[in-house]
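Trainee: The structure follows.
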Amino acid sequence: MTNDFMLLMPLIITGVGAIALMLIAAYDKVTIEQASMASMGVFGLAFLVQLSNTIGTAVVPYDTVFNGMLVISNFTKVAGLIILACGFFTSMSAHSYFKQNNFCTTEFYSLVAFSACGMLLLTMSQELISVFISLEIMSLAIYILVGYDRQNKRAAEAVMKYLMLGAFAGAFLTMGTALVYGGVGSTKFALIGQAVAANGFFTNPALVCGAFFILVAFLFKVAAFPFHAWVIDVYDGAAAPVTGYMATGLKTAVFAVFANFLVVDETMRAGWVNYLFYLSILTMFVGNLIAIGQTSLKRMLAASGIVHTGYLLIALVAVSSEHFSGSVILYYLGAYSVGTLGIFAALSYLGGANEKRQTFDDFKGLARVRPYSAAAIAIFLLSMAGIPPTAGFMGKLYIITSAISAGQVALAVFGIISSILSMWYYLRLIINMYFHEAVEGFEDTADFKFAPACTFILVVCVFAISLYPIAV
């Protein structure tokens, strides 16, 4: 029982921290900077506790209390580490961001923590009703964070689109859960897998339709083709730290439960492999086509996030239900997260008041006036493009290798082609920073410490993660 309590402690710390941050928001003496520091403390403590829990076997915590709804394995533990790190670095970059943008209140950091609670719970969910509850906890907090600047028309448009389409995704998940329960008689992943193993997958129409609806909901949340259209406007309208948080923590949580659901039985996974094959290709190339035509840096990064979803779908196609560890998926999520969080941390202070610097041209000559910031951005972009010796390169290498090992050679080739195409829009910003004269002096970005420190830490992580080997 004590072991179960310690395994759930990161979730408890984050939940208690979220409630405490919400309560202290009622006191005028608590400043936004202090709330940011408290949020960093909550995420830092939860991360350290989660790190101490990473060694061990899979555990069903408080089985008699939660009726086997939650499972904690090495896969969920590492996913939790990524989510908590995303929360920490988001709070860190937001500290600098809100010195230039004055629409923040202390409740902002409470919502970041509440969304992290939903993400952590989502990674551990092994039952469809708990998946729905945790997904809604996460989503409701994210909706508010996206539209937090109520005076910003783009933010209002973003939250309206995200809320409406997110409601449809929630409806698909609910309908899928009902159909799966009608076809199998249970919403637990383990029992669904047993039913598929005993009776087959396509012999049960209710199960097939239910699984389809659930996959649609997951594909929407990760912005995979053809459910990707919302992501450009939503990422563009949200504040820079929120965009980075959505692109990393949210994607980690959803891909974790996506993988857990897909591998409940090899027969069911095999039934969806062909569809995921084509979806991954379309997601990669549609994302590249959208990104190439963008002039806004945030919109380009949103489109590139679609491309990275395609790479993660390759990893899902290549996984095995019998020996599932999820190491390739988690490694890529970690590599993608440090690069994405890093560049959004840089934008948090380089973007200026009201994010006035948005386009590629706005960052011309940055290397001449802010050489360290330009170098950090270049490293993050090279990692996202998959250039060695960065973590992004190793992540893509592991995905390509796993696809070839699974017999998906064509998918591996398409992944390599997509990676080559992506270099166009990543190198475009590097060229603007290093091969043009400075348009302005970026004087208004000189007095911030937390976001630049955040970018430096994440630069170190880009290279540190690349040195960590995993078994494919």
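For the sequence shown, my numbering gives the first residue as 1174, with consecutive numbering after it. We put the CB at the ideal spot given by N, CA and C, even for glycine. Just so we're clear, the structure is a prediction, and the values are computed from it rather than from any experiment.
Have a look at GLY1355 and VAL1436 and give me their C-alpha separation to the nearest angstrom.
Mentor: One C-alpha to the other measures close to 20 Å.
Trainee: Which residues does DSSP pair with LYS1361 in a beta bridge?
Mentor: In the DSSP output, where bridge partners are listed per residue, LYS1361 has GLU1300.
Trainee: Give the secondary structure of LEU1600 by DSSP, where H, G and I count as helix, E and B as strand, and everything else as coil.
Mentor: Helix.
Trainee: Indicate whether ALA1368 and VAL1357 have their beta-carbon atoms separated by less than 7 Å.
Mentor: Yes, the pair counts as a contact, with Cβ atoms nearer than the cut-off.
Trainee: Could you give the uninterrupted runs of the alpha helix (DSSP H) lying entirely in the segment 1388-1457, keeping only those of 4 residues or more?
Mentor: Listed in chain order, they are 1403-1410, 1413-1418 and 1424-1435.
Trainee: For the segment 1189-1248, list the alpha helix (DSSP H) runs that are entirely contained and at least 4 residues long, ordered along the chain.
Mentor: The segment 1189-1248 contains these whole alpha helix (DSSP H) runs: 1205-1225 and 1236-1239.
Trainee: Answer with buried or exposed for TYR1424, where buried requires no fewer than 16 other C-beta atoms within 10 angstroms of its C-beta.
Mentor: Checking the sequence, you will find Lys at residue 1424 rather than Tyr. Looking at its Cβ environment, which holds 16 or more other Cβ atoms inside 10 Å, LYS1424 is buried.
Trainee: Suppose contacts are defined by Cβ-Cβ distances below 7 Å. Is PHE1566 in contact with ILE1560 by that definition?
Mentor: Yes. Within cutoff.
Trainee: Three-state secondary structure (DSSP) at THR1563?
Mentor: Of the three classes helix, strand and coil, the one that applies to THR1563 here is coil, per DSSP.
Trainee: Express the C-alpha separation of ARG1442 and TYR1504 in angstroms, rounding to a whole number.
Mentor: Roughly 21 Å between the two C-alpha positions.
Trainee: Going by the DSSP bridge assignment, what does THR1532 pair with across the sheet?
Mentor: Beta-bridge pairing links THR1532 to SER1469.
Trainee: Do ALA1413 and SER1521 have their beta-carbon atoms positioned less than 7 Å apart in this structure?
Mentor: For SER1521 and ALA1413, yes; Cβs fall inside 7 Å.
Trainee: If ASP1409 and ALA1464 are in contact, beta carbons under 8 Å, what's the gap, nearest whole angstrom?
Mentor: Going by Cβ atoms, the distance from ASP1409 to ALA1464 rounds to 13 Å, so no, they are not a contact pair.
Trainee: Once you ignore the five residues that flank ILE1186 on each side, which residues in its own chain have a CB closer than 6 Å to its CB?
Mentor: Excluding positions up to five away in sequence, the list reads LEU1218 and ALA1219.
Trainee: Quick one: residues in its chain with C-beta nearer than 6 Å to the C-beta of THR1421, no 5 flanking neighbours on either side, listed in chain order?
Mentor: Closer than 6 Å at Cβ, skipping near neighbours: CYS1259, SER1510, THR1513 and LEU1514.
Trainee: Reducing DSSP to helix, strand and coil, say where ARG1543 ends up.
Mentor: Three-state DSSP puts ARG1543 in coil, outside helix and strand.
Trainee: In the DSSP assignment, find the alpha helix (DSSP H) that holds VAL1513 and state where it starts and stops.
Mentor: Val is not the amino acid found at residue 1513; the sequence shown has Thr there. Residues 1500-1523.
Trainee: Buried or exposed for ILE1593, going by 16 or more other Cβ atoms inside 10 Å?
Mentor: So ILE1593 ends up on the exposed side.
Trainee: Candidates ALA1476, LEU1364, LEU1392 and TYR1599: which alpha carbon is nearest ILE1405's?
Mentor: The candidate whose alpha carbon is nearest that of ILE1405 is ALA1476.
Trainee: Does the segment 1452-1462 come within contact of the segment 1392-1399, defined as at least 3 CB pairs closer than 8 Å?
Mentor: The answer is yes - the segment 1392-1399 touches the segment 1452-1462, with three or more Cβ pairs under 8 Å.
Trainee: Give me, in chain order, the residues of the same chain whose beta-carbon lies closer than 7 Å to that of MET1179; leave out the 5 immediate sequence neighbours on both sides.
Mentor: Cβ neighbours of MET1179 beyond the five flanking positions: ASN1226.
Trainee: Determine the contact status of HIS1652 and PHE1623, defining contact as a CB-CB distance below 7 Å.
Mentor: Within the shown structure, residues of the chain are numbered from 1174 to 1645, placing residue 1652 beyond reach of any answer.
Trainee: Please report how far the alpha carbon of TYR1316 lies from the alpha carbon of TYR1282, in whole angstroms.
Mentor: Cα-Cα distance, rounded: 14 Å.
Trainee: From ILE1590 to GLU1439, what does the alpha carbon distance come to, in whole angstroms?
Mentor: Taking the straight line from one Cα to the other gives about 29 Å.
Trainee: Please report the Cβ distance between GLU1300 and PHE1362, rounded to the nearest whole angstrom; I am assuming they are in contact, meaning their Cβ atoms lie under 8 Å.
Mentor: Contact flag correct, Cβ pair sits at about 7 Å.
Trainee: How long is the line joining the alpha carbons of ILE1479 and ALA1611, rounded to whole angstroms?
Mentor: Straight-line Cα distance between these residues: approximately 31 Å.
Trainee: Going straight from the alpha carbon of ALA1490 to that of GLY1580, what length do you get?
Mentor: The amino acid occupying residue 1490 in the given sequence is Val; Ala does not appear at that position. Distance between the alpha carbons of VAL1490 and GLY1580 is about 10 Å.
Trainee: Taking all protein chains shown into account, do 16 or more other C-beta atoms lie within 10 angstroms of the C-beta of TYR1598, making it buried, or fewer, making it exposed?
Mentor: Result: buried.
Trainee: Between the segment 1194-1204 and the segment 1291-1305, do three or more beta carbon pairs fall short of 8 Å?
Mentor: With a cut-off of 8 Å, the segment 1291-1305 and the segment 1194-1204 do not count as touching, because too few Cβ pairs lie within range.
Trainee: So, with DSSP's three-state summary, where would you put LEU1318?
Mentor: In the structure shown, LEU1318 sits in a helix (DSSP, three-state: H, G or I).
Trainee: Within the segment 1325-1363, note down every full alpha helix (DSSP H) run reaching 4 residues or more, in order along the chain.
Mentor: Listed in chain order, the complete alpha helix (DSSP H) runs (minimum 4 residues) inside the segment 1325-1363 are 1326-1357.
Trainee: Suppose you measure from the CA of LEU1392 to the CA of GLY1343; what does that come to, to the nearest Å?
Mentor: Answer to the nearest angstrom: the Cα atoms are 12 Å apart.
Trainee: Between ILE1502 and ALA1585, how many whole angstroms is the CB-CB distance? I'm expecting something under 8 Å.
Mentor: Rounded, the Cβ-Cβ distance is 16 Å, inconsistent with contact.
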